[in-house]
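Numbering follows my numbering, in which position 304 of the sequence shown is assigned residue number 304; successive positions increment by one, without gaps.
The beta carbon of each residue, even a glycine, is placed where N, CA and C say it ideally should be.
Bear in mind the structure is a predicted one, so any value in this text is a computation, not a measurement.
First up is the structure itself, then whatever we jot down about it.
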Amino acid sequence: MSTLTSSPFWSPLAAGLSPYEPGEQPHIADLVKLNTNEHPAAPSPRVVAAITEAARDGLQRYPDPESTRLRGAIARRHGLKPEQVFVGNGSDEVLGHAFLAFFQRPQPLLFPDVTYSFYRVWAQLHGIAAELLPVDDGLRIDIDALAQRAAQGCAGVVVANPNAPTGIGLPLPAIARLLRACPDRVVLVDEAYVDFGGESATALIDAHPNLLVVQTLSKSRALAGLRVGFALGQAGLIAGLARVKNSFNSYPLDRLAQAGAQAAIEDEDWFARQCREVMNTREGLTLQLEDLGFQVLPSQANFVFVRHPARDARELAAALRARAVLVRHFRQPRIEQWLRISIGSRAQCAALVEALQAILEG
Ligand code: PMP
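Rendered as C-alpha cells:
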C-alpha cells in the first residue's frame, strides 16, 4: 500500500482521516500466524463443495440481491424470521451500514476505550462524534458508567462482546441494562467472537426493538477469506440497514459467498466441534503462558490478551517475529504493554510457547 499521506486532490475529509491499521498479512511460508484471529482450521468441507458447485453453475449471472437462502439459513439457526437478518461483505461492512443508518445524530456515539479500533474510524468517516468511556483498571468495560452516560442522551452505544482486544465477555444482564438506559437509541452488540464461550444477546431481540446484534463468519466458521457478516434485530432495524445499503452500496454478496456461507451455517457438527477445539486449546495455552510468567486476561474469544511483568511487549513481539511467530501489538495508550495472541492449532501454540521460552531465557 502507498505510504503517501496527502495529495492536493484529496478532499478535506479524506486528508483528515486516520484509518484503521489492519493486522499484517505477510506472504511468508511457514509463518506461525497468530496476529489476526483467523481460525486455525480450514472451513467445513461442505463449504468448499457448495462454492465449487456455485462456481460451476451460474457465475455469468448476477447473484440474488436479497441473499434469500442464506438469510433463511441464518434466521432458522437463530430462531428468527428472514426479515430479521441483514447480510454484508464481512461484519466490518455491516458495522459501516449500521453507523450510517442509526448513529448520525447531534449527540455523541458511546463506546468503550479500549475496544475494536474500527468503531472510531467509521465514526470519523461518517462525521459522527464519538465519546469514549475508559475501561476500568482490569481493562473491563465499565457498564455503570456507560449506562449512566447513555441515559443522559447519546446517538447510540456500541459494545463488542466479548470485547476486543481483551477477550473479556459481558453477561447478558449488562447488555439488558444498556438497552434499558437508552430505549430510543440503538445499542449495537458486536459478537464477532461470541461463539468461543460468550453469551449471545440474540435472546434479548424479542424484548428490545433497539438491539442490533452483529456477527461474522470470519472467526468461528473459518471464513475470513469469504467476507460474510450479518446483523440480527427486529424487522424495523434490519429494514433501516437495507435502506442504507441500497442507497449507498448496492453490491450484494457474490454467488460464491452466498453459497459457501449457507453451507457453513448449516454444518452445525463442524461448528460445534471446531469451537470446542479452539476453546480447549485456549485453556491449555493460558496455563502454559501463566507458567512462563505472563498475566493472561480471562478470554471468551479465539485469542488471549497477555502481558509479561518484566518484558516490553513491543520487543517481545519483535523477538517472536524474528522467530517467524506473528502476534499483535497495539501502539495504543493503556494497552501498550499487552500482546494479543490468536489461538492457533495445537502445533502453532506449541511453537509459540517454545519461541517464548527461548526468548525469556535468552
Ligand atoms: N468486530 C470485531 C470486534 C473484530 O475484531 C473484527 C475483526 N477484525 C470484526 C468485527 C470484523 O470482522 P469481519 O469484517 O471479518 O467480519
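Pocket of the ligand PMP defined by Cβ to heavy atom distance under 5 Å: Matched residues: G90, S91, D92, Y116, A160, A164, D190, A192, T216, S218, G229.
Could you spell out where the alpha helix (DSSP H) holding P12 opens and where it closes? The residue you call residue 12 lines up with position 12 of the sequence shown. Start and end: 12 to 16.
Where do the N-terminal and C-terminal ends of the beta strand (DSSP E) with T216 fall, by residue? Locating residue 216 in the sequence shown gives position 216, counting from the first residue. Element bounds for T216: 211 to 216.
Since I113 is in the beta strand (DSSP E), which residue starts that stretch and which ends it? Position 113 of the sequence shown, counted from the first residue, corresponds to residue 113. A small fix is needed here, since residue 113 is Asp in this sequence, not Ile. Residues 109 to 113.
Which residues does DSSP list as the beta-bridge partners of H329? In the sequence shown, counting from the first residue as 1, residue 329 sits at position 329. Under DSSP, the beta-bridge partners assigned to H329 are L339.
Do R334 and N35 have their CB atoms nearer than 8 Å? Translated into the one-based positions of the sequence shown, residue 334 becomes position 334. Translated into the one-based positions of the sequence shown, residue 35 becomes position 35. For R334 and N35, no; Cβs fall outside 8 Å.
Where S299 and S247 are concerned, what is the direct C-alpha to C-alpha distance, given to the nearest angstrom? Against the sequence shown, residue 299 aligns to sequence position 299. Against the sequence shown, residue 247 aligns to sequence position 247. Cα to Cα, S299 sits roughly 39 Å from S247.
Within the chosen definition, does the region 346 to 361 reach the region 277 to 295 through at least 3 CB pairs nearer than 8 Å? Contact holds: three or more Cβ-Cβ distances are below 8 Å.
Distance check for G284 and E277, CA to CA, integer angstroms please. Here the question's residue 277 lines up with position 277 in the sequence shown. Here the question's residue 284 lines up with position 284 in the sequence shown. Roughly 11 Å separates the two Cα atoms.
Strand pairing of Q295, partner residues [DSSP]: What you label residue 295 is simply residue 295 of the sequence shown in a count that begins at 1. Partner(s): R307.
DSSP state of V159, grouped into three classes? For this step, residue 159 is matched to residue 159 along the sequence shown. Assigned with DSSP and collapsed to three states, V159 falls in strand.
At least three beta-carbon pairs within less than 8 Å, the region 310 to 326 to the region 52 to 69: Flag = no, the region 310 to 326 and the region 52 to 69 do not touch.
How big is the Cα-Cα spacing for N210 and V157? Numbered from 1 along the sequence shown, position 210 holds the residue referred to as residue 210. Numbered from 1 along the sequence shown, position 157 holds the residue referred to as residue 157. Per the coordinates, the alpha-carbon of N210 lies some 10 Å from the alpha-carbon of V157.
To the nearest angstrom, how far is the alpha carbon of K219 from that of Q107? Position 219 of the sequence shown, counting from 1, holds the residue named residue 219. Position 107 of the sequence shown, counting from 1, holds the residue named residue 107. The alpha-carbon separation between K219 and Q107 amounts to approximately 33 Å.
Limits of the unbroken alpha helix (DSSP H) element including E131: Taking the sequence shown and counting its residues from 1, the one referred to as residue 131 is at position 131. In the DSSP assignment, E131 falls outside any alpha helix (DSSP H) and lies within the beta strand (DSSP E) extending over 130 to 134.
Between the Cα of A322 and those of A15, I28, S7, spot the shortest distance and give me the residue it belongs to. Position 322 of the sequence shown, counted from the first residue, corresponds to residue 322. Minimum Cα distance to A322 is reached at I28.
What does L188 pair with, by DSSP beta-bridge criteria? Counting from 1 along the sequence shown, the entry for residue 188 is found at position 188. Note: L188 sits in a beta bridge opposite V158, L212.
Determine whether the beta carbon atoms of Q234 and Q84 lie at a separation below 8 Å. Position 234 of the sequence shown, counted from the first residue, corresponds to residue 234. Position 84 of the sequence shown, counted from the first residue, corresponds to residue 84. The criterion of a C-beta distance shorter than 8 Å is satisfied by Q234 and Q84.
Can you say whether A264 is buried or exposed, counting buried as having 16 or more other CB atoms within 10 angstroms of its CB? Start at 1 with the first residue of the sequence shown, and residue 264 comes out as number 264. Flag for A264 reads buried.
Pull the bridge partners of F230 from the DSSP assignment, please. As a first step, residue 230 is located in the sequence shown; it is residue number 230 there, counting from the start. Under DSSP, F230 forms a beta bridge with V87, Q215.
So, does the region 67 to 77 touch the region 193 to 213, judging by three or more C-beta pairs under 8 Å? Too few Cβ pairs lie closer than 8 Å, so no.
Considering only their Cβ atoms, is the gap separating A130 from R140 smaller than 8 Å? Here residue 140 refers to the residue found at position 140 when the sequence shown is read from its first residue. Here residue 130 refers to the residue found at position 130 when the sequence shown is read from its first residue. R140 places its beta carbon 8 Å or farther from that of A130.
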